[in-house]
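A.B. asks: Offset between the sequence shown (1-based) and our numbering: plus 70.
Note that CB positions come from ideal geometry on N, CA and C, so glycine has one too.
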Amino acid sequence: MGIFPALNTTALAQDIFPVTDKGGLHGAYIVPIEDFDRVDVQLIVLSGAYDDPNPSGTAHLTEHLAAFSADSTVLRKARERDINAKTFNAATVYTNAGQPADLEKLLRLSRAVLDTPKLPDGFAQSEIDIVERETFLRERQYPSRWLTRLVLQDLYETPRGRANNTVDDLPNLNLATAYQFHKDHYVPSNVTVIVSGKIDRDEAAELVTQVFGDTARSTPPAKPWLDQKPLLTLRSIKHINTNRLPRDTVQFAKFIDFEDHPSSFELQGAFFIAVDILNTRLENALHFNDVRFLGVDMDWYFATNADLEMTLSVELMPGFALGEAHRNLRTTMKLLLREPIGAEEIKRSRQKAIVNAQHASRTPSGIHGFLKNLAADGFPPFSPSRFIDLINATTDQEVIDFADKVMQPSATATILAKKVD
Numbered sequence: 071m072g073i074f075p076a077l078n079t080t081a082l083a084q085d086i087f088p089v090t091d092k093g094g095l096h097g098a099y100i101v102p103i104e105d106f107d108r109v110d111v112q113l114i115v116l117s118g119a120y121d122d123p124n125p126s127g128t129a130h131l132t133e134h135l136a137a138f139s140a141d142s143t144v145l146r147k148a149r150e151r152d153i154n155a156k157t158f159n160a161a162t163v164y165t166n167a168g169q170p171a172d173l174e175k176l177l178r179l180s181r182a183v184l185d186t187p188k189l190p191d192g193f194a195q196s197e198i199d200i201v202e203r204e205t206f207l208r209e210r211q212y213p214s215r216w217l218t219r220l221v222l223q224d225l226y227e228t229p230r231g232r233a234n235n236t237v238d239d240l241p242n243l244n245l246a247t248a249y250q251f252h253k254d255h256y257v258p259s260n261v262t263v264i265v266s267g268k269i270d271r272d273e274a275a276e277l278v279t280q281v282f283g284d285t286a287r288s289t290p291p292a293k294p295w296l297d298q299k300p301l302l303t304l305r306s307i308k309h310i311n312t313n314r315l316p317r318d319t320v321q322f323a324k325f326i327d328f329e330d331h332p333s334s335f336e337l338q339g340a341f342f343i344a345v346d347i348l349n350t351r352l353e354n355a356l357h358f359n360d361v362r363f364l365g366v367d368m369d370w371y372f373a374t375n376a377d378l379e380m381t382l383s384v385e386l387m388p389g390f391a392l393g394e395a396h397r398n399l400r401t402t403m404k405l406l407l408r409e410p411i412g413a414e415e416i417k418r419s420r421q422k423a424i425v426n427a428q429h430a431s432r433t434p435s436g437i438h439g440f441l442k443n444l445a446a447d448g449f450p451p452f453s454p455s456r457f458i459d460l461i462n463a464t465t466d467q468e469v470i471d472f473a474d475k476v477m478q479p480s481a482t483a484t485i486l487a488k489k490v491d
């Protein structure tokens with residue numbers, strides 16, 4: 071295995087320090103960074119769209135209410151700023167940024183997210199309309215989102231937190247369900263706080279203790295979707311006609327259970343390198359070698375319990391029949407590792423990961439992305455420099471074994487979606 075140099079200046083290294091006296095928080099971390107004259111506080115709620123009750127969209131609405139309620143509480147104005155939060159599938163992330171001297175205020179803005187939302191009369195209700203408009207926009211811009219949700223429902227034989235009726239559910243959004251979602255999920259034991267920037271480690275830790283130290287430990291909310299696994303023999307194929315897509319599309323999903331690993335944490339290095347190799351091979355086979363596949367979109371989700379799911383969407387050129395495209399896709403997947411992964415291939419993907427991490431170290435947003443990545447699954451955060459150490463420590467054989475496991479026969483679901491007028 072070739073070892074690549076880590077960051078070539080000590081100024082770009084980001085050490086991570088846990089806060090010992092963090093009250094009832096799931097985790098709290100300090101990341102001193104001298105390169106930028108700013109400080110950022112990320113509050114990560116370990117629940118997101120996958121945890122939606124009925125109606126779907128509740129986690130997104132709760133994000134709006136909590137963010138603007140915090141502004142109302144601390145800044146005395148509910149819409150003092152643009153919204154500073156985003157709802158992901160398994161987490162909701164609130165980010166407050168400012169000058170180093172503003173750290174206490176930023177921490178209190180983050181702390182206020184955990185309080186029961188309190189907003190001026192009519193303001194909370196108006197946020198439902200805003201969430202509706204945002205959802206309509208995303209569904210129109212990215213119609214494949216809907217198809218991905220459908221194929222995952224087929225894979226797990228349950229909505230599993232992924233509703234196929236996101237737009238239909240919008241009229242059912244309501245404040246009572248959002249407030250209950252906040253009560254159930256915005257508890258300290260389901261929250262991680264990360265403070266990064268030009269800060270003194272001890273002073274920042276002391277402020278975190280002052281602001282969050284009175285939070286009480288509690289039972290974290292259940293995540294039943296994490297325990298739902300498809301039958302390994304599942305080979306679901308569904309044909310649909312739709313006017314929601316621009317072209318005929320094959321939507322594919324695959325589930326891999328790393329049953330020998332209770333957690334995905336120790337597999338992260340192999341995951342990032344192997345997935346890059348598999349993505350490259352799939353894109354070459356489906357997009358560059360077979361030009362009848364117009365577009366190829368791949369995504370991977372590696373859950374905290376080491377359940378891995380892959381989704382792949384391919385749009386077809388006119389005249390390319392869905393049945394033939396499906397057969398080509400199945401053959402491609404079956405033969406993807408016919409040529410064993412070699413040392414040079416691993417070296418390229420390893421170097422790519424390291425260069426990406428080095429670039430990320432040069433911007434606050436890049437560093438934030440790394441810090442929240444594993445923290446959003448409840449693990450300790452990884453900085454770009456620690457990620458480089460992880461990538462360098464991952465052996466070639468670990469990458470090969472991971473890729474082999476991913477491509478073995480396992481549960482799959484496929485939707486052959488024909489565009490109709």
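Between Phe251 and Thr128, which are expected to be in contact by the criterion C-beta below 8 Å, what is the C-beta distance as a whole number of angstroms?
C.D. replies: Counting from one through the sequence shown, the residue named residue 251 turns up at place 181. Counting from one through the sequence shown, the residue named residue 128 turns up at place 58. Yes, Phe251 and Thr128 are in contact; Cβ-Cβ is about 5 Å, under 8 Å.
A.B. asks: Which class does Val111 belong to by DSSP, given the choice of helix, strand or coil?
C.D. replies: Counted from its first residue, the sequence shown places residue 111 at position 41. Val111: strand per DSSP, three-state reduction.
A.B. asks: Compute the Euclidean distance between the alpha carbons of Asp121 and Arg208, then round it to the nearest angstrom.
C.D. replies: Within the sequence shown, residue 121 is the residue found at index 51, counting from 1. Within the sequence shown, residue 208 is the residue found at index 138, counting from 1. Answer to the nearest angstrom: the Cα atoms are 19 Å apart.
A.B. asks: How is Thr433 classed by DSSP in three states: helix, strand or coil?
C.D. replies: One-based indexing of the sequence shown puts residue 433 at position 363. Three-state DSSP puts Thr433 in coil, outside helix and strand.
A.B. asks: Check this for me: beta carbons of Ile269 and Leu441, under 8 Å apart or not?
C.D. replies: Reading the sequence shown from its first residue, position 199 is the one you call residue 269. Reading the sequence shown from its first residue, position 371 is the one you call residue 441. Going by C-beta atoms, Ile269 is not nearer than 8 Å to Leu441.
A.B. asks: List the endpoints of the continuous beta strand (DSSP E) containing Phe322.
C.D. replies: By one-based count along the sequence shown, residue 322 stands at place 252. Here the beta strand (DSSP E) through Phe322 covers 319-327.
A.B. asks: My output table needs one value for Met368: the three-state DSSP class, helix, strand or coil.
C.D. replies: The sequence position of residue 368 within the sequence shown is 298, counting from 1. Strand.
A.B. asks: From what residue to what residue does the alpha helix (DSSP H) around Ile461 run?
C.D. replies: Sequence index remark: in the sequence shown, residue 461 carries index 391 (1-based). Per DSSP, Ile461 belongs to the alpha helix (DSSP H) from 454-463.
A.B. asks: Can you tell me which of the three DSSP states Ser333 falls into?
C.D. replies: Taking the first residue of the sequence shown as position 1, residue 333 is located at position 263. DSSP places Ser333 in coil when its eight states are reduced to three.
A.B. asks: Starting from the Cα of Glu133, find the closest Cα among Arg418, Gly97, Ala463, Ala248 and give me that residue.
C.D. replies: Numbered from its first residue, the sequence shown carries residue 133 at position 63. Considering only alpha carbons, the answer is Ala248.
A.B. asks: Return the CA-CA distance between Ala155 and Pro451, expressed in angstroms with no decimal places.
C.D. replies: In the sequence shown, residue 155 corresponds to position 85, counting from 1. In the sequence shown, residue 451 corresponds to position 381, counting from 1. One C-alpha to the other measures close to 18 Å.
A.B. asks: Assuming Pro187 and Ser139 are in contact, meaning their beta carbons sit under 8 Å apart, how far apart are those beta carbons, in whole angstroms?
C.D. replies: Position 117 of the sequence shown, counting from 1, holds the residue named residue 187. Position 69 of the sequence shown, counting from 1, holds the residue named residue 139. 4 Å between Cβ atoms; contact.
A.B. asks: Would you report the Cα separation of Phe472 and Phe106, rounded to the nearest angstrom?
C.D. replies: As a first step, residue 472 is located in the sequence shown; it is residue number 402 there, counting from the start. As a first step, residue 106 is located in the sequence shown; it is residue number 36 there, counting from the start. Cα to Cα, Phe472 sits roughly 37 Å from Phe106.
A.B. asks: Can you find the residues in the same chain that come closer than 6 Å, C-beta to C-beta, to Thr312, ignoring five residues on each side of it along the sequence?
C.D. replies: As a position in the sequence shown, residue 312 is number 242, starting the count at 1. Excluding sequence neighbours, Thr312 sits near Ala487.
A.B. asks: Go ahead and label Asp141 buried or exposed: buried means 16 or more other beta carbons lie within 10 angstroms of its beta carbon, across all protein chains shown.
C.D. replies: Along the sequence shown, read from residue 1 onward, the residue named residue 141 stands at position 71. That one is buried.
A.B. asks: Who are the near neighbours of Val469 in its chain, counting only those whose CB is closer than 6 Å to its CB and skipping five residues on each side?
C.D. replies: Taking the sequence shown and counting its residues from 1, one reaches residue 469 at position 399. Taken in chain order, the residues that qualify are Ala340, Ile343, Ala344, Ile416.
A.B. asks: Run the CB neighbour count on Thr218, radius 10 Å, all protein chains shown included, and call it buried at 16 or more, exposed below.
C.D. replies: Position 148 of the sequence shown, counted from the first residue, corresponds to residue 218. Buried.
A.B. asks: Considering only DSSP beta bridges, list what Thr312 is partnered with.
C.D. replies: Taking the first residue of the sequence shown as 1, we reach residue 312 at position 242. Thr312 pairs with Lys489.
A.B. asks: Report, in whole angstroms, the separation of the C-beta atoms of Val111 and Ala446, which I expect to be a contact under 8 Å.
C.D. replies: Mapped onto the sequence shown, residue 111 falls at position 41. Mapped onto the sequence shown, residue 446 falls at position 376. Not a contact, Cβ separation roughly 15 Å.
A.B. asks: Starting from the C-beta of Tyr226, find all residues in its chain whose C-beta is less than 7 Å away, skip the five residues before and the five after it, and write them out in chain order.
C.D. replies: Taking the sequence shown and counting its residues from 1, one reaches residue 226 at position 156. Excluding residues within five positions, the ones whose Cβ falls inside 7 Å are Gln298, Pro300.
A.B. asks: Taking only three categories from DSSP, how would you classify Lys475?
C.D. replies: As a working mapping, residue 475 is identified with position 405 in the sequence shown. Lys475 falls in the helix class under three-state DSSP.
A.B. asks: Does the region 173-189 come within contact of the region 311-330, defined as at least 3 CB pairs closer than 8 Å?
C.D. replies: With a cut-off of 8 Å, the region 311-330 and the region 173-189 do not count as touching, because too few Cβ pairs lie within range.
A.B. asks: Residues bridged to Lys156 by DSSP?
C.D. replies: One-based indexing of the sequence shown puts residue 156 at position 86. Note: Lys156 sits in a beta bridge opposite Val163.
A.B. asks: What residues in its chain sit with their C-beta under 7 Å from that of Thr157, if we drop five residues either side in the sequence?
C.D. replies: Residue numbering aside, residue 157 sits at position 87 when the sequence shown is read from its first letter. Contacts found: Gly118, Ala119, Ala129, His130, Glu133.
A.B. asks: Would you kindly work out how many angstroms separate the C-alpha atoms of Glu379 and Phe358, rounded to a whole number?
C.D. replies: Position 309 of the sequence shown holds residue 379. Position 288 of the sequence shown holds residue 358. Each residue's alpha carbon lies about 24 Å from the other.
A.B. asks: What did DSSP end up calling Arg305 once you bin it into helix, strand or coil?
C.D. replies: If you number the sequence shown from 1, residue 305 lands on position 235. Note: Arg305 maps to strand in three-state DSSP.
A.B. asks: Have a look at Ser419 and Pro410 and give me their C-alpha separation to the nearest angstrom.
C.D. replies: By one-based count along the sequence shown, residue 419 stands at place 349. By one-based count along the sequence shown, residue 410 stands at place 340. Their Cα atoms are separated by approximately 15 Å.
A.B. asks: Which value, in whole angstroms, describes the spacing of the CA atoms of Pro316 and Thr165?
C.D. replies: The count along the sequence shown starts at 1 and reaches residue 316 at position 246. The count along the sequence shown starts at 1 and reaches residue 165 at position 95. Distance between the alpha carbons of Pro316 and Thr165: 36 Å.
A.B. asks: Thinking C-alpha only, which one of Thr90, Asp459, Ser455, Gly267 is nearest Ala167?
C.D. replies: Looking up residue 167 in the sequence shown gives position 97. Looking at the Cα atoms, Gly267 is the closest of the given residues.
A.B. asks: When the Cα of Leu382 is compared with those of Gly448, Leu245, Pro388, Leu222, which residue comes out closest?
C.D. replies: If you number the sequence shown from 1, residue 382 lands on position 312. Leu382 has its Cα closest to that of Leu222, out of Gly448, Leu245, Pro388, Leu222.
A.B. asks: Should Val490 go down as buried or exposed, given a rule of 16 or more other Cβ atoms within 10 Å for buried?
C.D. replies: Counting from one through the sequence shown, the residue named residue 490 turns up at place 420. Looking at its Cβ environment, which holds fewer than 16 other Cβ atoms inside 10 Å, Val490 is exposed.
A.B. asks: Determine which residues share a DSSP beta bridge with Thr87 and list them.
C.D. replies: In the sequence shown, the residue the question calls residue 87 occupies position 17. Here residue 87 turns out to be Phe, not Thr, going by the sequence shown. BP columns for Phe87 point to Ile100.
A.B. asks: Can you grab the Cα-Cα spacing for the pair Glu204 / Pro88, in whole Å?
C.D. replies: Counted from its first residue, the sequence shown places residue 204 at position 134. Counted from its first residue, the sequence shown places residue 88 at position 18. Each residue's Cα considered, the two are about 36 Å apart.
A.B. asks: State the DSSP-derived secondary structure class of Asp254, mapped to helix, strand or coil.
C.D. replies: As a working note, residue 254 is residue 184 in the sequence shown. The answer is helix: DSSP assigns Asp254 an H, G or I state.
A.B. asks: Quick check on Asn354: buried or exposed, where buried means 16 or more other Cβ atoms within 10 Å of its Cβ?
C.D. replies: Stepping through the sequence shown from its first residue, residue 354 is reached at position 284. It counts as exposed.
A.B. asks: With DSSP as the reference, identify every bridge partner of Thr381, one or two as the case may be.
C.D. replies: For the purposes of this step, residue 381 is identified with residue 311 of the sequence shown, where counting begins at 1. The partner list for Thr381 (beta bridge, DSSP) reads Ala323, Asp369.
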